[in-house]
Amino acid sequence: MTTLYDVPPAELIEGLKTELKKESSVKPPEWAAFVKTGADKQKAPEQEDWWYARSASILCKLYKSGGPIGIQRLKRRYAGKKNRGHKPDKNRGASGAVIKHILVQLEGAGLAQKTKRGRIITKEGTSLLDKTSHKIKRSAEKTKK
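Take the sequence shown: its letters are residues 0 to 144, numbered as in numbering that gives the first Met the number 0.
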């Protein structure tokens, strides 16, 4: 069985982006065009479909965590260093609102589930990741030949 560990991460995120675009419950809100993804950023993302890329990445993080993972831990995983001019840089967490809205949308799609200690991936989410990984691995094998 092919899992997400068997394919390159960049290709997996691209494949998951296309699958998540087909989901009706995973859509960027209207404010997503103007929001930064963290306090360390100076501008909003330039990529048009960045919402789907972040959603795919969060889905992969839920799979890899093995247990419940909360918004605070995800904020730390997507954190960066804020440039404060001549003063030393400081780590700043990612936007919690973006992460929370994505997790709620993934729950609505049936790919994640809320527990007492955080969110976990559902069987449907695991199945989506495995199927996407299998498609990517199969297409990579065809191009080698």
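Here a beta-carbon is modelled for each residue, glycine too, at the ideal position from N, C-alpha and C.
On a predicted model such as this, the values are computed, not experimentally measured, just so you know.
Exposure of residue i, with buried meaning 16 or more beta-carbon neighbours within 10 Å
i, result
"residue 53", "buried"
"residue 51", "buried"
"residue 124", "buried"
"residue 16", "buried"
"residue 93", "buried"
Check whether residue i and residue j have beta carbons under 7 Å apart
i, j, result
"residue 68", "residue 98", "no"
"residue 14", "residue 79", "no"
"residue 24", "residue 108", "yes"
"residue 61", "residue 139", "no"
"residue 95", "residue 115", "no"
"residue 118", "residue 128", "no"
Option in the options with minimal Cα separation from residue i
i, options, result
"residue 35", "105, 103 and 91", "91"
"residue 81", "89, 130 and 74", "89"
"residue 1", "143, 131 and 142", "131"
"residue 84", "19, 3, 17 and 41", "41"
"residue 3", "105, 64 and 93", "64"
"residue 28", "105, 100, 144 and 6", "100"
"residue 47", "33, 58, 39 and 59", "33"
"residue 58", "77, 142 and 120", "120"
"residue 66", "142, 113 and 44", "113"
"residue 39", "141, 19 and 77", "77"
"residue 31", "43, 5, 20 and 21", "43"
Contact test: residue i Cβ vs the ligand GDP heavy atom, cutoff 6 Å
i, result
"residue 82", "As presented, the structure is devoid of all ligands, the ligand GDP included, so that no description of it is given."
Query raised in the report: Is the segment 1-18 touching the segment 125-142 in the sense that three or more CB pairs, one from each, lie closer than 8 Å?
Result: yes
Query raised in the report: Whole alpha helix (DSSP H) runs in the segment 68-108 with 4 or more residues, listed along the chain?
Result: 70-76 and 95-107
Report task. Kindly provide the ranges of any alpha helix (DSSP H) runs that are 4 or more residues long and lie completely inside the segment 7-45, ordered along the chain. Result -> 8-21
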